[in-house]
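These notes are about the structure you will find just below.
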Amino acid sequence: MWRRRLLAWEEESVRECSVLLHNIVWQDTVYDSWRWLLDPVHGYSVRGAYRHISSSGDLVDRTLVGDVWQKQIPSKVSILVWRLFRNRIPSKVSIRVISLFDTACSAGCELPESALHLFILCNVAGELWYQSTELVRHVFCAFW
Amino acid sequence: MGEGVGKWFEENIRRVVGNGRDTLFWYDRWLGDVSLRVKFSRLFDLAVEKESSVEDLWRRG
């Protein structure tokens with residue numbers, strides 16, 4: 020069982036371990052199972068886990084993303100905003116970490132394409148954002 | 034999985050031993066808050082069979 024003879028203090032550890040084992044009841048007909056500590060009665064649920072993660076605070080920066088996960092907001096929008104705030108947008112600057120692409124902005128302005136650049140600073144992208152709101156406005160005007 | 038993701042999950046599951054056949058004596062957390070591998074690290078180093086089930090060691094006494 021052991022690779023060599025145990026020293027006195029190691030024997031003491033074995034005794035300490037045995038004491039713990041004495042308190043366990045051996046049940047031949049019962050299978051080993053998992054217990055979910057957050058809800059030992061009903062077991063694991065996605066809802067319970069979500070509640071735990073979103074209330075524990077240390078995993079999610081609530082000041083940034085607290086309002087993103089609302090039922091009324093389409094999930095693709097929530098996910099985009101969440102990725103943006105955590106700098107997980109696959110801009111060229113982010114992708115460079117895992118590939119050999121150059122980082123020049125895809126819109127052609129030659130500045131590094133970071134999330135900040137794409138959403139705020141880039142003139143070309145800014146024009147696109149503006150045009151798309153114009154488009155929405157036109158469509159709504161046509162309908163109403 | 035990211036480190037943060039793995040932690041909250043692992044910290045909230047425990048093995049509940051019945052017949053001990055499907056629980057690893059040293060690696061699983063079934064007795065107290067940490068695995069016996071962590072609690073008795075010296076004995077774990079000295080153990081020959083590190084992947085024994087709880088039942089294996091029970092039978093051997």
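As they're listed, the protein sequences go chains A and B. Going by the working numbering, the first residue of the first sequence is number 20, and it counts up by one from there. Going by the working numbering, the first residue of the second sequence is number 34, and it counts up by one from there. Using N, Cα and C, we set each Cβ at its ideal position, and we do this for glycine too. Note that the structure is a prediction, hence the values are computed from the model and not measured.
Inter-residue Cα distance where the pair is Leu135/A and Val44/A:
Cα to Cα, Leu135/A sits roughly 60 Å from Val44/A.
Under 8 Å: do the stretch 100-107 of chain A and the stretch 65-80 of chain B share three or more Cβ pairs, one atom per stretch?
no
Would His71/A pass as an interface residue toward chain B - the criterion being a Cβ-Cβ separation below 8 Å?
yes
Which partner residues does Pro131/A have in the DSSP bridge list?
Pro131/A is bridged to Ala123/A.
Secondary structure, alpha helix (DSSP H): runs of 4+ residues fully inside the stretch 21-85 of chain A:
27-41, 65-75 and 81-84
For Arg48/B: DSSP bridge partner residues
Per the DSSP secondary-structure output, Arg48/B pairs in a beta bridge with Trp53/A.
Taking only beta-carbon positions, decide if Val81/B is within less than 8 Å of chain A.
yes
Relative to the C-alpha of Arg93/B, which residue among Leu140/A, Leu147/A and Met20/A is closest?
Of the candidates Leu140/A, Leu147/A and Met20/A, the one whose C-alpha sits nearest the C-alpha of Arg93/B is Met20/A.
Quick one: is Arg54/A near chain B, going by C-beta distance under 8 Å?
Yes, contact with chain B.
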